[in-house]
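Numbering (the numbering used here), first residue to last: 12 to 255.
We treat Cβ as the ideally placed atom computed from N, Cα and C, and that holds for glycine.
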């Protein structure tokens, strides 16, 4: 083949790689920067109160959630929409309950995020207060840095001690946790512990069902969250566990 033709093809191929690489990098940067700060409050609120109640209840099997307290997000924070009788509390969390930094922080300000979760009584008393506090500061217009500082003070002065047995259900088909794919992750249970080495639970090892959630991990809340796939959604339909 003529050397000029070969050189032309090589240059064209190199140019295509550069273009694609640049486009990918720009797309990745746009994705990370799509919600660099808080969006208008209305984008985080659900206009249909009953729809939010139903979504919150979908976090756990009906046998649990039907008798739980249910919270909805209002303009001044979470409000009790339904008073239950089993001391569980179901709520739809927003993106600001995720990690402050790292890969998981990309959705911190994403107004589409909806994370239905149902706390058992120990978690309702010792984990849910962190949801209330973060939300209070977010709605006050504080930045991430201010929220981190505020949480540090809250932990020292007001946060109740973590109760043994604190856990929650996150088994809703209606999860919206990411803009990718079908927006869901998997039906799972979450167990709250003091900070510890994930190896104690065998977390994140090959074929282990246990995963260490980066949600808190001492940054700044002194809590670890271990996640275990449930294998089915709260309505009883299958959610096959993905082997890692």
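Beta-carbon contacts of residue i that lie in its chain and below 8 angstroms, excluding the five residues immediately before and after
i	result
residue 249	242, 243
residue 75	97, 99, 129, 180
residue 245	69, 70, 71, 72, 73, 76, 180, 182, 183, 184, 198
residue 251	242
residue 161	144, 148, 153
residue 88	143, 146, 147, 150
Beta-carbon proximity list for residue i, same chain, < 6 angstroms, skipping 5 on both sides
i	result
residue 114	none
residue 95	78, 79, 80
residue 50	122
residue 135	100
residue 92	64, 81, 83
residue 66	103, 127, 185
residue 46	120, 121
residue 194	187
Extent of the continuous alpha helix (DSSP H) to which residue i belongs
i	result
residue 64	60-68
residue 137	132-137
residue 162	155-168
residue 73	73-76
Candidates the options, of which the one nearest residue i by Cα
i	options	result
residue 52	201, 78, 148	148
residue 176	236, 55, 104, 80	236
residue 58	48, 80, 71, 86	86
residue 187	219, 141, 126	126
residue 224	139, 68, 166, 200	200
residue 131	161, 185, 68	68
residue 202	184, 195, 227, 112	227
residue 221	208, 229, 231	208
residue 56	247, 71, 90	90
residue 206	229, 190, 194	229
residue 253	198, 246, 233	198
residue 150	136, 133, 135, 108	108
residue 240	233, 234, 218	218
residue 64	46, 215, 189, 102	102
residue 204	193, 133, 190, 167	133
According to DSSP, residues forming a beta bridge with residue i
i	result
residue 126	104
residue 216	Per DSSP, none; premise fails for residue 216.
residue 223	237
residue 249	243
Residue range of the beta strand (DSSP E) that includes residue i
i	result
residue 88	88-93
residue 183	Here residue 183 belongs to no beta strand (DSSP E), and DSSP marks it neither H nor E.
residue 236	234-240
residue 83	80-85
residue 203	199-205
Buried versus exposed call for residue i [16 or more other C-beta atoms within 10 Å across all chains shown]
i	result
residue 154	exposed
residue 145	buried
residue 164	exposed
residue 173	buried
residue 84	buried
residue 211	exposed
residue 137	buried
residue 82	buried
residue 156	exposed
residue 238	buried
residue 44	Confidence in residue 44 is poor, its pLDDT being 42 and thus under 50, which makes the residue's placement unreliable; the coordinate value appears in the next sentence. Classification of residue 44: exposed, given that the 10 Å Cβ count is below 16.
residue 62	exposed
Sequence-distant residues of the same chain with beta carbon closer than 7 angstroms to residue i, five excluded per side
i	result
residue 106	118, 119, 120, 121, 124
residue 140	170, 171
residue 159	111, 231
residue 166	231, 232, 233
residue 196	186, 188
Any chain D beta carbon closer than 7 angstroms to residue i
i	result
residue 170	The displayed structure is made up of one protein chain only, and chain D is not part of it.
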